[in-house]
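Residue numbers (my numbering): 3 to 309.
Dropping the structure here:
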């Protein structure tokens, strides 16, 4: 009978040890793989954040507000110089024909154009009684377009510098967004791995250590009582099992702590989320992004190329 119990406990402990070994090898390799991926992602994210900060500094160094204001004022001044039928078009017509900067908010520019048109129409109505009828109407409407679509005032190289930086910031924002999506939720710090490590510890102590504590089975069979535990605990067998259990527990705790540590710093995650928006670099770049949907940049680039 004792031989059967010895065989049972031996088989049980060996089977449990094999299961723990198989899952342990998989979990350890997974954690180490996650650690490598975590280190690479973290280094890449930090490098991208440093470059984003440089782009933000470059955007702040450029006086985009002055440039946009100057170009908007130049466009409005062209409208103020129109007369007669030239001022009968809606504000959207002048916005599309004039080279208003793509960095300006479209709604604000349209509002300014409308105010200039109202003022110009009022002033022109007062002049209507003093000028000849031939001065009221342009013979060819094409002349209006020609005057409106002339080469815009301002430094072309300044426009190109701002536009180039805006495109660079846009690409960087898209790259940052990819980084943010890849680390959001701390995918390398797996909750499933934590649960698996805990279950492995339970399986090891209940399926390996506990059965081995009964071997060899004494004459008369196994006695399941608390009083029978202490003689085994203070014996050489108990010391060996205690050392083995302590070493295994230490290894599990090391990898459990490593798994917990694979979480990205909250500050850097927030910075990634912040720099994934192009408006973070400049509000004018955000306006450019909105105007891109309307195809305004393509139109304006063509005008700069043709002139």
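Think of the CB as a built atom: it goes at the ideal place given N, C-alpha and C, for glycine as much as any other residue.
A quick note: this is a predicted structure, and the numbers were derived from the prediction, not measured.
### Query
Terminal residues of the continuous alpha helix (DSSP H) containing residue 248?
In the chain shown, counting from the first residue as 1, residue 248 sits at position 246. Here the alpha helix (DSSP H) through residue 248 covers 238-263.
### Query
Any idea what DSSP makes of residue 213, helix, strand or coil?
As a first step, residue 213 is located in the chain shown; it is residue number 211 there, counting from the start. Note: residue 213 maps to helix in three-state DSSP.
### Query
For residue 318, is the classification buried or exposed, using 16 other Cβ atoms within 10 angstroms of its Cβ as the cut-off for buried?
Given a span of 3 to 309 for the chain in the structure shown, any question on residue 318 remains unanswerable.
### Task
Measure the alpha-carbon distance for residue 103 versus residue 159 and round it to whole angstroms.
On the chain shown, position 101 is the one that residue 103 refers to. On the chain shown, position 157 is the one that residue 159 refers to. When rounded, the distance between both Cα atoms is 14 Å.
#### Entry: Residue range of the unbroken alpha helix (DSSP H) whose run includes residue 97
The count along the chain shown starts at 1 and reaches residue 97 at position 95. Residue 97 -> alpha helix (DSSP H) spans 93-99.
### Query
Per DSSP, what kind of secondary structure is residue 69 in: helix, strand or coil?
As a first step, residue 69 must be located in the chain shown, where it is residue number 67. Collapsing the DSSP output to three states places residue 69 in a helix.
### Task
Note down the Cα distance separating residue 275 from residue 64, rounded to an integer number of angstroms.
For the purposes of this step, residue 275 is taken as the residue at position 273 of the chain shown. For the purposes of this step, residue 64 is taken as the residue at position 62 of the chain shown. Roughly 24 Å separates the two Cα atoms.
### Query
Considering residue 274, what are the terminal residues of the alpha helix (DSSP H) in which it resides?
The residue you call residue 274 lines up with position 272 of the chain shown. Per DSSP, the continuous alpha helix (DSSP H) segment holding residue 274 begins and ends at 268-277.
### Query
For residue 19 versus residue 245, is the C-beta spacing smaller than 8 Å?
To locate residue 19, count along the chain shown from 1; it is residue 17. To locate residue 245, count along the chain shown from 1; it is residue 243. No. Outside cutoff.
### Query
Counting along the chain, where does the alpha helix (DSSP H) carrying residue 205 start and finish?
What you label residue 205 is simply residue 203 of the chain shown in a count that begins at 1. 193-206 is the span of the alpha helix (DSSP H), which, as asked, contains residue 205.
### Identity of the residue in 79, 162 and 180 nearest residue 121 by Cα
The sequence position of residue 121 within the chain shown is 119, counting from 1. Closest by alpha carbon: 79.
### Message
Taking 8 Å as the cut-off, does the segment 253-268 touch the segment 183-194 (at least 3 CB pairs, one atom from each stretch)?
### Response
yes
### Query
In three-state terms, what does DSSP make of residue 118?
Residue mapping note: residue 118 aligns to position 116 of the chain shown, counting from 1. Three-state result, residue 118: helix.
### Task
Look at residue 69 and residue 290 and say whether their C-beta atoms are less than 8 Å apart.
For the purposes of this step, residue 69 is identified with residue 67 of the chain shown, where counting begins at 1. For the purposes of this step, residue 290 is identified with residue 288 of the chain shown, where counting begins at 1. In this structure, residue 290 does not lie closer than 8 Å to residue 69 by Cβ.
### Task
Inspect the beta-carbon positions of residue 179 and residue 278 and report whether they are closer than 8 Å.
As a first step, residue 179 must be located in the chain shown, where it is residue number 177. As a first step, residue 278 must be located in the chain shown, where it is residue number 276. Contact flag set, yes.
### Task
Starting from the Cα of residue 43, find the closest Cα among 256, 247, 116 and 183 and give me that residue.
Numbered from 1 along the chain shown, position 41 holds the residue referred to as residue 43. Of the listed residues, the one whose Cα sits closest to residue 43 is 183.
### Query
Taking buried to mean at least 16 other C-beta atoms within 10 Å of its own C-beta, is residue 118 buried or exposed?
By 1-based counting over the chain shown, the position of residue 118 is 116. Buried, because 16 or more other Cβ atoms sit within 10 Å of the Cβ of residue 118.
### Own chain residues within Cβ distance below 7 Å of residue 250, not counting five before or after
Locating residue 250 in the chain shown gives position 248, where the first residue counts as 1. Excluding sequence neighbours, residue 250 sits near 206.
### Task
Classify residue 25 as helix, strand or coil using the three-state DSSP reduction.
Taking the chain shown and counting its residues from 1, one reaches residue 25 at position 23. Of the three classes helix, strand and coil, the one that applies to residue 25 here is helix, per DSSP.
### DSSP-derived helix/strand/coil call for residue 63
As a position in the chain shown, residue 63 is number 61, starting the count at 1. DSSP places residue 63 in helix when its eight states are reduced to three.
### Query
How would you call residue 307, buried or exposed, if buried means at least 16 neighbouring beta carbons within 10 angstroms?
Stepping through the chain shown from its first residue, residue 307 is reached at position 305. Low confidence applies here, because residue 307 scores a pLDDT of 45, under 50, leaving its location unreliable and the question unanswered by this model.
### Query
When we look at the beta-carbon of residue 253 and count the other beta-carbons within 10 Å, is it buried (16 or more) or exposed?
Against the chain shown, residue 253 aligns to sequence position 251. Flag for residue 253 reads exposed.
### Message
Tell me the rounded alpha-carbon separation between residue 284 and residue 101.
### Response
As a working mapping, residue 284 is identified with position 282 in the chain shown. As a working mapping, residue 101 is identified with position 99 in the chain shown. If you take the alpha carbons of residue 284 and residue 101, they lie about 21 Å apart.
### Query
What three-state label does DSSP hand residue 188 in the structure shown?
Counted from its first residue, the chain shown places residue 188 at position 186. Three-state result, residue 188: coil.
### Message
When you compare the CB positions of residue 112 and residue 94, do they come within less than 8 Å of one another, or not?
### Response
The residue given as residue 112 occupies position 110 in the chain shown. The residue given as residue 94 occupies position 92 in the chain shown. For residue 112 and residue 94, yes; Cβs fall inside 8 Å.
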